[in-house]
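Reviewing the structure listed below.
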């Protein structure tokens, strides 16, 4: 057997991930070799590597799609866009971390190193096109986040959160792996490109094997993106994890997992009746939107509320995923029916155009959700006092009472984030919802769009409650705001609030870019 | 020669046992071991298919999975120890401060 | 006369130059909001009010120029959707805002006659209210915040009326909602007031989502039309399918010109002997998610959804409940937002989309009936209110109902006319009420006022003028606008729904009587008679010049606005002639489809007399009741009579009781029941709180599934997967 040679050019797409890995190692080394007690340089250092990785992925965003490492991974605009989203999430999370950790006397190089390791896993996951590579990258990002979740040693919460996340995460990884094994058995390959070729034959021979495998793989992904009914870990883990880590998890992990899920199911969907993934993702989207938002309604704990709301947002993203699988003509046989009608594309819309639209909506929504949610967790991180954490009241709605008088800047930023999460114009959240619901309507998924609109109307209620608390309730007398101000937190809040508003009013440049990237990737 | 289907059935049985174990066992360490059982059931499936098809991919996959499982074990044990240190118990039923 | 006409029809600034400057109309108040919001604390009170007023004042000046320019014959905008020029329209297109696939939205503004007149109302009344607020809010700590919100509101309202597409209009629509929410809850330390703000916001959101769905449907409809229409559809001057498609690519389907071209192409008749148009309102849609519905049917659905949206913003049934509570905000805010401008957005929306509304007699009839019922119910509720601002709030709801009636019957110009006159006199009334509160230690209960007119002469005089105007007494503007509505309705018949016109007309006349009654009652109880023994302040004091000034200006305006109602130009009322070009597309649709039948005829002296009699009936009844028989006043001013006085007084007392029993009691009971059942119970409790309660309960129940036990979580996941796998096995392994 000839050992295949790997062209040097195949390593180019890995550069962002390599930069992140090198950065992680450098930060670990600073702990070993530099014994200075001051660690203020670590956040800027991590930021430097993050920015570098983001810049590199941006520069390669318009290169045509090509497989690398013999089809184990792919370099394409899609992976670049996801890497960019991950870098944005990572950068903002790092910025909020420094002040957060310093006030808890817990700033260490390994924290940033773990973040960078996890981010490299996310970046690589977005480009994996082979099931085992995919599994390994899921584990890389998971192991990093398991450790980050239980990083703080105060009280019982971090350890409990880490334990739940670990057990359930490993459980879901095992399910995904078993699904991958079944798919391997049916098709004889683990590379997506080769599976696409043999899938029709495999389906004819062993439909149950393929469908069961696909279902288990979908279950594994559904866990990572926190889709109902695989969502139950989310509130507990998000609550227990250090807030900057929660921010990274809710934005970065979600983006990467969505990317991998889309990649896998676009290939599987080509081979099988596309109405099957359509039914699967529509069902998940319905459940996730409704349950996520309903659960968030009674929450007074803002951190948990944001966790449940992140489930709801996963539901909106799933609407976009479902829209990827609508075809121009009704599939033969008994396809998926939707209130008695098979959803079809709007007239004059080609399949590639519709998918590019949906994909653009998804990527934009991911970006929108990232800047908004990381920002809101940033406010939360700035506001919480370490001595409250063991009691679990650190994130109560009362902590926000009268914030507008005491910290008008933070209150304004938080109000902007809440409005964006609720989808009120002129924020980026509104644009994201508009794009997603619009492609749902275009693809005939009107029911999903209607439920989406209704649930976001209900969601306004709990987002607005925070705004009301900040602006319309008096501050408690004895309250004190932690004075551990750090430039990082302030900068992160300012940047995310600015991004939320600017992208909400002038989304043109970014949507044009994402449109190009999506068309470039799908039009291959 | 033992037919492939027997291996597959064994693997499926192991997977289900692991899954049930995760759901019903109370000791965190045992739960963790059950997850490992599930991973190994996947491995066995990979190997059975690889042998059936005479393909190397499945064999290689198994090695990777073993390596990943080891890494996971390391972090998992660390977390289990952290839980024990903060609570003095490993009963899964007691690890539920955060809920609702 | 000709010289005068020429003067008004020659813009001092070239229209094209002015079009480029349109953004400044929005930009100035936005800048003002920014300056007040960010630097307000450091600037000091005087500077903040100066900046805010100057910003709106500057806007007013540019608006005046724009108003002038749209009368210029040189002014015309090129349509991207057909090779023709829309006369009397200023337009500026600032390029792509965003594009989703082939769906595109541009940033663009347009000013036609309709927008121009609203620009003047918004900036004019807005400017006066800014000036008034400078004194009214002078003691408030949140001074800078108030002016920042108020400027932001003006900017958003201007965006709403100047938008050249539904999307930008929606930005303004949401923006004014947000500002209204912020200003209603301005005194947030009071829980009830904060709740009022939230109630307004939530009620509005229901409407907003209907609006969004309607807009989505319209996009789909236009796309289906684009693929289905043939050349014969575009058989009007300048029309062609390629131009239309190119226009859609360049400016998107939600541009008003696009919708206008769409409506025109939809009714273009086949030329005799020529090709037959492929698409008419009765054609089923061929492709897409709306397949097999007819174009006309979908349009009706779109319009009904817009009606729900409009009834949220414009406080119509069933979403009107937020407006009376919105009076929690500062009074000038009530005057500007909840009387003169924002609440009329729904009326504006339908006038803007006039060419779509006339497609559907069903939608028109619904709009008219909703308006009429709202007008009546609100007027009846106003009978029982003792809070001066509450009376005015219900009166606003009622007057908005009148405007909806006019819109629904297709008398668009009269609706806009009434909108303008209402803006003047209702702003005057609210500011007057504010002045009364200012001078009476913030007392709002009219039963604890009385006799204020002696101390507050200016306020009383202006309030009186405005009361006469809203009552519809002959020489004032309110008379002309209300009569234009009723007369227009009298002349109109909706195709297939002949009963709507007469019904609405009778209801409208009833509303006119009621309006006269409660407004007179309000005026009489507040300004006449003796000072109530329960009054908070022993003597009222007149407000300062910056408060009285705007009152006087508004009172004058509510008189001189009558010019619009006179038949000066071509035998038409000025307003009808002025707005003619705006509603021309609707007229074209009507003449093609025959959805509305209009019998033109001048308003006779009989009509005037009837209207006046109605107003006098209501006003007279109120005067009679509250001046002569009102319990606390009775006996105090007993007429100096002779021997039989005593008996007469007793008799009077008896009559009083009888009145109380026969008229006031049932009416009060009715309006109380309406208030309790419709307002408080049905809508407030069942619709708003009920929905919220149910969803919150479900959420609260669901959260207990979240037990905190990791194994339970795993079990849920496992169950879902096992269910899925079982389904796969049953589906694919059984033959």
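Protein chains in written order, with this note's numbering: chain A, 1 to 524; chain B, 1001 to 1100; chain C, 2001 to 2735. Every residue, glycine too, gets a C-beta built ideally from N, C-alpha and C. Just so we're clear, the structure is a prediction, and the values are computed from it rather than from any experiment.
Backbone CA spacing between residue 13 (chain A) and residue 367 (chain A) [nearest angstrom]: Counting from 1 along the first chain, the entry for residue 13 (chain A) is found at position 13. Counting from 1 along the first chain, the entry for residue 367 (chain A) is found at position 367. Annotation: residue 13 (chain A) to residue 367 (chain A) spans about 21 Å, alpha carbon to alpha carbon.
**Prompt:** For residue 70 (chain A), does the count of other Cβ atoms within 10 angstroms reach 16, so buried, or fall short, so exposed?
**Reply:** The sequence position of residue 70 (chain A) within the first chain is 70, counting from 1. Residue 70 (chain A) is classed as exposed because its beta carbon has fewer than 16 other beta carbons within 10 Å across all chains shown.
Item checked: the region 2721–2735 of chain C: positions lying closer than 9 Å to chain A by Cβ -> Listed in sequence order: 2721, 2724, 2725, 2727, 2728, 2729, 2731, 2732, 2733.
Helix, strand or coil: how does DSSP classify residue 2141 (chain C) here?
-> As a working note, residue 2141 (chain C) is residue 141 in the third chain. If DSSP states are grouped into helix, strand and coil, residue 2141 (chain C) belongs with coil.
- Task: Could you name the residues of the same chain whose beta carbon sits closer than 7 Å to that of residue 121 (chain A), not counting the 5 residues immediately before and after it, in chain order?
- Result: Position 121 of the first chain, counted from the first residue, corresponds to residue 121 (chain A). Only 137, 140, 141, 144 meet the Cβ criterion.
Taking 8 Å as the threshold, find out whether the region 2495–2515 of chain C comes into contact with the region 2400–2412 of chain C through three or more Cβ pairs. Counting C-beta pairs closer than 8 Å gives three or more between the region 2495–2515 of chain C and the region 2400–2412 of chain C, which meets the contact rule.
Report the partner residues of residue 2085 (chain C) according to the DSSP bridge assignment. The residue you call residue 2085 (chain C) lines up with position 85 of the third chain. As computed with DSSP, residue 2085 (chain C) is found in a beta bridge with C:2078.
Point to revise | Near-chain B residues of the region 175–194 of chain A - C-beta to any C-beta below 8 Å | key: Those residues of the region 175–194 of chain A that come within reach of chain B (Cβ to Cβ, closer than 8 Å) are 175, 177, 178, 180, 181, 182, 184, 185, 188, 189, 190.
**Asked** Going by the CB atoms, is the gap between residue 2072 (chain C) and residue 2011 (chain C) shorter than 9 Å?
**Response** On the third chain, residue 2011 (chain C) is found 11 positions in, with the first residue counted as 1. On the third chain, residue 2072 (chain C) is found 72 positions in, with the first residue counted as 1. Inclusion of residue 2011 (chain C) and residue 2072 (chain C) in the CB contact set at 9 Å is warranted, their separation being smaller than that value.
*Residues of chain A with CB under 9 Å from residue 2097 (chain C), in chain order?*
On the third chain, residue 2097 (chain C) is found 97 positions in, with the first residue counted as 1. Result: 505, 506, 507, 508.
| query | Can you name the residues that DSSP bridges to residue 1989 (chain C)? | reply | The first residue shown for chain C is 2001 and the last is 2735, placing residue 1989 (chain C) beyond what the model contains.
Can you find a C-beta in chain A that's less than 9 Å from the C-beta of residue 1039 (chain B)?
Translated into positions along the second chain, residue 1039 (chain B) becomes position 39. Between residue 1039 (chain B) and chain A, the shortest Cβ-Cβ separation is below 9 Å.
* To do: Flag this pair as yes or no: are the beta carbons of residue 437 (chain A) and residue 1035 (chain B) separated by less than 9 Å?
  => Indexing the first chain from 1 puts residue 437 (chain A) at position 437. Indexing the second chain from 1 puts residue 1035 (chain B) at position 35. No.
Requested in this report: For my contact list, residue 2278 (chain C) and residue 2230 (chain C) are in at a C-beta cut-off of 8 Å; report their separation, rounded to the angstrom.
Outcome: For the purposes of this step, residue 2278 (chain C) is taken as residue 278 along the third chain, with counting starting at 1. For the purposes of this step, residue 2230 (chain C) is taken as residue 230 along the third chain, with counting starting at 1. Yes, residue 2278 (chain C) and residue 2230 (chain C) are in contact; Cβ-Cβ is about 4 Å, under 8 Å.
*Sorted by chain position, which residues of the same chain lie with C-beta nearer than 7 Å to residue 2551 (chain C)'s C-beta, five sequence neighbours on each side aside?*
Residue mapping note: residue 2551 (chain C) aligns to position 551 of the third chain, counting from 1. Once the five neighbours on either side are set aside, the close Cβ partners of residue 2551 (chain C) are 2428, 2431, 2432, 2435, 2458, 2459, 2462.
Inset, instruction - Could I get the ranges of all uninterrupted alpha helix (DSSP H) runs contained in the region 2507–2571 of chain C, with 4 residues as the minimum, in chain order? - result: Considered as a whole, the region 2507–2571 of chain C harbours 2545–2560 as its complete alpha helix (DSSP H) runs of no fewer than 4 residues, in chain order.
Report, in whole angstroms, the separation of the C-beta atoms of residue 404 (chain A) and residue 411 (chain A), which I expect to be a contact under 8 Å. Here residue 404 (chain A) is taken as the residue at index 404 of the first chain, counted from 1. Here residue 411 (chain A) is taken as the residue at index 411 of the first chain, counted from 1. Contact flag correct, Cβ pair sits at about 4 Å.
Contact list for the region 1043–1058 of chain B against chain A, Cβ threshold 7 Å:
Hits within the stretch, in order: 1045, 1046, 1049, 1053, 1055, 1057, 1058.
Does residue 2722 (chain C) come out as helix, strand or coil in the three-state DSSP assignment?
Position 722 of the third chain, counted from the first residue, corresponds to residue 2722 (chain C). Under the three-state reduction of DSSP, residue 2722 (chain C) is assigned to helix.
If contact is defined by three or more beta carbon pairs under 8 Å, each pair taking one atom from either stretch, is the region 2076–2088 of chain C in contact with the region 2240–2260 of chain C? They touch, by the three-pair rule.
Between the CA atoms of residue 2328 (chain C) and residue 2443 (chain C) - distance to the nearest angstrom: For this step, residue 2443 (chain C) is matched to residue 443 along the third chain. For this step, residue 2328 (chain C) is matched to residue 328 along the third chain. Going by the C-alpha atoms only, they are around 13 Å apart.
* So with Cβ pairs under 9 Å, would you call residue 1023 (chain B) a contact of chain C? -> In the second chain, residue 1023 (chain B) corresponds to position 23, counting from 1. It does: the Cβ of residue 1023 (chain B) has a partner Cβ on chain C nearer than 9 Å.
Hey, would you say residue 2350 (chain C) sits closer than 9 Å to residue 2310 (chain C), going by beta carbons? For the purposes of this step, residue 2350 (chain C) is taken as residue 350 along the third chain, with counting starting at 1. For the purposes of this step, residue 2310 (chain C) is taken as residue 310 along the third chain, with counting starting at 1. Taking 9 Å as the Cβ cut-off, residue 2350 (chain C) and residue 2310 (chain C) qualify as a contacting pair.
key: Span of the alpha helix (DSSP H), counted from its first residue to its last, around residue 540 (chain A)   = No information on residue 540 (chain A) is available, as it lies outside the stretch 1 to 524 that chain A covers here.
_Run through chain C and tell me which residues come within less than 9 Å of residue 262 (chain A), C-beta to C-beta._
Working through the first chain from its first residue, we reach residue 262 (chain A) at position 262. Those within 9 Å of residue 262 (chain A) in chain C number zero; the least Cβ separation is about 18 Å.
* Can you list the residues of chain B that residue 2220 (chain C) reaches, using a CB-CB cut of under 9 Å? -> Translated into positions along the third chain, residue 2220 (chain C) becomes position 220. In chain B, no part has a C-beta under 9 Å from the C-beta of residue 2220 (chain C); the shortest such distance is about 42 Å.
Exercise. Nearest-angstrom Cα distance between residue 1069 (chain B) and residue 2033 (chain C)?
Worked result: In the second chain, counting from the first residue as 1, residue 1069 (chain B) sits at position 69. In the third chain, counting from the first residue as 1, residue 2033 (chain C) sits at position 33. Distance between the alpha carbons of residue 1069 (chain B) and residue 2033 (chain C): 59 Å.
* Asked: Using the C-alpha atoms, what's the distance from residue 2464 (chain C) back to residue 2523 (chain C)?
  -> In the third chain, residue 2523 (chain C) corresponds to position 523, counting from 1. In the third chain, residue 2464 (chain C) corresponds to position 464, counting from 1. Cα-Cα distance, rounded: 7 Å.
With a Cβ-Cβ cutoff of 9 Å, do residue 1001 (chain B) and residue 240 (chain A) count as a contact? Taking the second chain and counting its residues from 1, one reaches residue 1001 (chain B) at position 1. Taking the first chain and counting its residues from 1, one reaches residue 240 (chain A) at position 240. Contact flag unset, no.
Entirely within the region 261–316 of chain A and at least 4 residues each: give me those alpha helix (DSSP H) ranges in chain order.
-> As far as the region 261–316 of chain A is concerned, its whole alpha helix (DSSP H) runs of at least 4 residues are 275–296.
Margin query: Give me the chain C residues within the contact set of residue 285 (chain A), using Cβ-Cβ distance strictly less than 8 Å, ordered along the chain.
Written below: Taking the first chain and counting its residues from 1, one reaches residue 285 (chain A) at position 285. Scanning chain C for C-beta atoms nearer than 8 Å to the C-beta of residue 285 (chain A) yields nothing, as the closest lies near 15 Å away.
* Asked: If you check the beta carbons only, do residue 25 (chain A) and residue 53 (chain A) fall under 9 Å apart?
  -> On the first chain, position 25 is the one that residue 25 (chain A) refers to. On the first chain, position 53 is the one that residue 53 (chain A) refers to. In this structure, residue 25 (chain A) keeps its C-beta atom at 9 Å or more from the C-beta atom of residue 53 (chain A).
### Message
Tell me which residues of the region 208–240 of chain A have at least one Cβ-Cβ distance to chain B shorter than 8 Å, keeping chain order.
### Response
Of all residues in the region 208–240 of chain A, 235, 236, 239, 240 have a Cβ within less than 8 Å of some Cβ in chain B.
Coarse secondary structure for residue 2693 (chain C), derived from DSSP in three states:
By one-based count along the third chain, residue 2693 (chain C) stands at place 693. Residue 2693 (chain C): helix per DSSP, three-state reduction.
(message) Between which two residues does the beta strand (DSSP E) holding residue 199 (chain A) run?
(response) Here residue 199 (chain A) corresponds to residue number 199 of the first chain, with the count starting at 1. Per DSSP, residue 199 (chain A) lies in no beta strand (DSSP E); the unbroken alpha helix (DSSP H) holding it starts and ends at 192–205.
- As assigned by DSSP and simplified to three states, the class of residue 2097 (chain C): Position 97 of the third chain holds residue 2097 (chain C). Residue state, collapsed to three classes: strand.
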